[in-house]
Each structure stands twice: as structure tokens, then as C-alpha cells.
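Residue numbers (the working numbering): 277 to 699. We treat Cβ as the ideally placed atom computed from N, Cα and C, and that holds for glycine. Just below is one structure, and these are the notes that go with it.
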């Protein structure tokens, strides 16, 4: 308890330094969001202890403790295992989650176990702090360059319930979203024509590696969309002033295909001959493991492009809005269903902006967010149809969608102004 409290003091000091440098326009939201984030890391451990009776977070932690114990007894072996751990190491047989992405996270957990003397709560707080820092950084960037979206960024990135919960504590999403938020922030800075330092470029490379190692499918969708948008914005749009919107969209799509093809060669699950089979195999695996009323069903889903396209509209609606309230039969499903209703209302309210979108200077950003959301949502829903797992996985796109539909929302803006004016 004393060690955990000591690390809590360290994190508080780090948070204070971050708060001192915060943008004054959003500074008042810092401490409530920080407390919420660390509390979410603790709640996640409670959920996996008493609701799921175990699960990923404890598996990652126990493997991290096992590796930290190895470091204390034979540090050189530990260092070699971090670099190239495989079945040839004795410690391999003691690991609960030896799958590549799980093992990658467990190695990171082991570093924090060494720092905290194997205290779960302290490690969870450090993970939450990293995720919070990245979310705060992205909120600051949005606030600086797009002031009208300031309130939307605060809500979407710092306070949206499932986005806060599932990016906290010892789970892959904590560090994956920390990496993704950072990459999005840098992309927006490049969009705004800000020069990047050598250190920032190095951090970008590190974030790309982290995201690919933890959630490669997030990066596989984000990178083509972001690269296409940035190339269009910085290089091509100034050179095609007379081109029509259809031509511009066609060029944007073509630009996105190039990095998508390159990324498809970097992971076996994205090989063209395997990709559709991976979706259906994952769907069938979840179908075997899940209760019938705990998942979405896509009858006759086959590993063909026609079948995937046919089920895509239903998958999109499921990924965005299910479980419906009448489908929920646990406390957490009810909570997610209520959040989905709020999201549906916000999306409906945002549709009024469609008539002005063609004239908006931000239309390429809007298109990029929509395409990223649709592609990732459909892919995740078809391959991960379990409602509980999907609620966690969809944090890869949900905060960005919430930011988009809340931008210029009159009610959210009024609430934000009221909070700004209150003492």
C-alpha cells in the first residue's frame, strides 16, 4: 500500500507539471478528467476481478510479474527475452498469454512491475497516465487549431464513458490509443503546416511501432486515410483548383490505396488471399464462444467480397448502436445501450451540417473521419461480433466519431460556455 501510494504521489507530481503548461481555455477540465482516468484504471481491475472473474488485464499483469521476477534473478536473460523471446527460454512455459501481441504488452508491463515492485494498481495508474497524457495532448491540439471543436474534443477524448474506461488500466487499448491519439495529433499539426522537431519524428516512429505491435488493424485503417488526406491537403489540392469534387475524391481514394497495399504485405491476416477468411474465421470463433443473445448475428457470412459487402450495412449499425436497450440483460450492457442512444441522438443532430459540408473548409477532415470510422467499424463488428468485446474494441474509432458529431452542437457548446463562465 505504501509503495502504491508513493507512485500515486509521483503521478500527481507529473500531472501537476502537465497542468501548469495546459491551454488556459481547457485547463479547468484537466483535474476532473485526470481523476476520472486513474479511477477508470482501478475500476477496470475491479470489473475483471468480480464481473468477468479474470481476463486479459490480470493475465497481462501476472505475465509481467513473471518476467519481472526473471529480471531480478537473471537480468541478461530477461533483456534477451525482451528482444527475442520465444519457446527456447525457460520462462516461456510460465506465461499465460504467449500470443505475440499479448506477450508484447506483458513485456511492457514487466518494466513497470520492476518500477513498482509488482503493484497492480500502480502499474494500472501508469498505463492510465500515459493514455491520459496522449488524450490531453490531442485535445490541446484540436483546441489550438480548431477552437469551434474545443468542447467536442473535451467531451470525446476526456469524458466519453466507454472511451475513458476501455483506454485505462492494464489492457492493450490503453497504450494503443495513447499511440493513436499521438499520431492523430501529429497529423493535425502537419495538416496545420506546423514543422516537426527531430524528437517528434522519433516519437512518431515509436508510436507507429507500438500501435502496430498492439492493434495493427487500427493502424492499417488509420495510416492510409491519414496519408491520403495529408498528401491531398499539402501537395495536391493547391495544384488542382479547377478539379471537381468527384475528381478530388477519386484522387484521395487512389492515394489511400498505396499505403493500404503496402500494409497488407506486413501482416499475414491482411494478405489479400487471407483477409476475408480471417474475418469469417473470427466471426465463427466468437459464435462458438458467445451466448446467442450476447452477440450480433450475420447469417450466411462467407469469405467473399460480395458477402462482406452485403453484411456491411448491418455491421455498421451494430457497431455504432448495439446492443439496443431491449437486448441488454446485464448492467454493463444497459450502460452501453444508453450511451449508444446518446450517440444516435448526437449523430441525428449533426446531420443538419450536411447541407453546408460541400462548402466547409474542413470537408476533407470530415470525410477522413467518416471513412476511417466506417471501415474500422465494419471490420471490427464482422470479426468481433460479441457485444462486450466490441464495446472495448470500438474505442479505436469511437472518440473520433463523437468529436465529429459533437462539433458545433449547439447544446454541447452552451454547456461548455456555461462551465467556462461558472466559478
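Cβ-Cβ separation, residue j to residue i (assumed contact under 8 Å), whole Å
{"i": "residue 652", "j": "residue 497", "result": "5 Å"}
{"i": "residue 409", "j": "residue 487", "result": "With a Cβ gap of about 16 Å, residue 409 and residue 487 do not count as contacting."}
{"i": "residue 280", "j": "residue 432", "result": "No, residue 280 and residue 432 are not in contact; Cβ-Cβ is about 31 Å, not under 8 Å."}
{"i": "residue 446", "j": "residue 483", "result": "Actually they are not in contact, since the Cβ atoms of residue 446 and residue 483 sit about 19 Å apart, beyond 8 Å."}
{"i": "residue 435", "j": "residue 468", "result": "Contact doesn't hold; Cβ gap of about 25 Å is too wide."}
{"i": "residue 336", "j": "residue 371", "result": "10 Å between Cβ atoms; not a contact."}
{"i": "residue 317", "j": "residue 444", "result": "4 Å"}
{"i": "residue 425", "j": "residue 640", "result": "About 15 Å; that fails the 8 Å criterion."}
{"i": "residue 685", "j": "residue 626", "result": "7 Å"}
{"i": "residue 377", "j": "residue 538", "result": "Rounded, the Cβ-Cβ distance is 21 Å, inconsistent with contact."}
{"i": "residue 574", "j": "residue 587", "result": "5 Å"}
{"i": "residue 481", "j": "residue 674", "result": "At roughly 26 Å, the Cβ-Cβ gap does not stay under 8 Å, so residue 481 and residue 674 are not in contact."}
{"i": "residue 448", "j": "residue 391", "result": "Rounded, the Cβ-Cβ distance is 20 Å, inconsistent with contact."}
{"i": "residue 601", "j": "residue 613", "result": "4 Å"}
{"i": "residue 340", "j": "residue 385", "result": "3 Å"}
Residues that residue i bridges to, as DSSP identifies them
{"i": "residue 571", "result": "662"}
Spatial neighbours of residue i in its chain, beta-carbon cut-off 6 Å, leaving aside the 5 residues before and after
{"i": "residue 500", "result": "532, 535, 536"}
{"i": "residue 287", "result": "401, 405"}
{"i": "residue 393", "result": "279"}
{"i": "residue 427", "result": "688, 689, 692"}
{"i": "residue 553", "result": "579"}
{"i": "residue 677", "result": "649"}
{"i": "residue 395", "result": "279, 280"}
{"i": "residue 388", "result": "399, 402"}
{"i": "residue 365", "result": "357"}
{"i": "residue 348", "result": "none"}
{"i": "residue 668", "result": "442"}
{"i": "residue 492", "result": "543"}
Through-space distance from residue j to residue i, alpha-carbon basis
{"i": "residue 413", "j": "residue 589", "result": "34 Å"}
{"i": "residue 643", "j": "residue 502", "result": "11 Å"}
{"i": "residue 282", "j": "residue 599", "result": "41 Å"}
{"i": "residue 628", "j": "residue 660", "result": "32 Å"}
{"i": "residue 355", "j": "residue 583", "result": "47 Å"}
{"i": "residue 442", "j": "residue 308", "result": "18 Å"}
{"i": "residue 407", "j": "residue 518", "result": "43 Å"}
{"i": "residue 645", "j": "residue 605", "result": "32 Å"}
{"i": "residue 450", "j": "residue 403", "result": "6 Å"}
{"i": "residue 351", "j": "residue 623", "result": "53 Å"}
{"i": "residue 297", "j": "residue 585", "result": "47 Å"}
{"i": "residue 249", "j": "residue 696", "result": "It is not possible to answer for residue 249, since the shown part of the chain is limited to 277 through 699."}
{"i": "residue 360", "j": "residue 368", "result": "12 Å"}
{"i": "residue 327", "j": "residue 477", "result": "41 Å"}
{"i": "residue 437", "j": "residue 345", "result": "35 Å"}
{"i": "residue 559", "j": "residue 479", "result": "35 Å"}
{"i": "residue 556", "j": "residue 664", "result": "19 Å"}
{"i": "residue 319", "j": "residue 284", "result": "16 Å"}
{"i": "residue 694", "j": "residue 631", "result": "29 Å"}
{"i": "residue 577", "j": "residue 473", "result": "48 Å"}
{"i": "residue 609", "j": "residue 568", "result": "14 Å"}
{"i": "residue 315", "j": "residue 581", "result": "43 Å"}
Contacting residues, own chain, Cβ-Cβ under 8 Å from residue i (five flanking each side not counted)
{"i": "residue 595", "result": "653, 654, 656, 657, 666, 670"}
{"i": "residue 494", "result": "452, 456, 487, 652, 672"}
{"i": "residue 592", "result": "650, 653, 654, 657"}
{"i": "residue 290", "result": "405"}
{"i": "residue 417", "result": "461, 464, 465"}
{"i": "residue 633", "result": "639, 642"}
{"i": "residue 508", "result": "524, 527, 528, 531, 640"}
{"i": "residue 338", "result": "372"}
{"i": "residue 379", "result": "339, 361, 371, 373"}
{"i": "residue 277", "result": "none"}
Neighbourhood of residue i by C-beta, 7 Å cutoff - its chain only, sequence neighbours within 5 removed
{"i": "residue 662", "result": "562, 566, 570, 571"}
{"i": "residue 358", "result": "383"}
{"i": "residue 415", "result": "302, 429, 430, 433, 434"}
{"i": "residue 334", "result": "324"}
{"i": "residue 305", "result": "430, 434"}
{"i": "residue 342", "result": "367, 370, 371"}
{"i": "residue 419", "result": "299, 301, 302, 426, 429"}
{"i": "residue 411", "result": "433, 434, 457"}
{"i": "residue 615", "result": "437, 438"}
{"i": "residue 540", "result": "546, 547, 548"}
{"i": "residue 647", "result": "501"}
Min CB distance residue i to chain D below 9 Å
{"i": "residue 395", "result": "In summary, chain D is missing from the structure at hand, where a single protein chain is found."}
Are the segment 538-547 and the segment 510-520 touching by the rule of at least three beta carbon pairs closer than 8 Å? Flag = no, the segment 538-547 and the segment 510-520 do not touch.
For the 8 Å Cβ check, are there 3 or more pairs between the segment 677-691 and the segment 617-629? Short answer: they touch.
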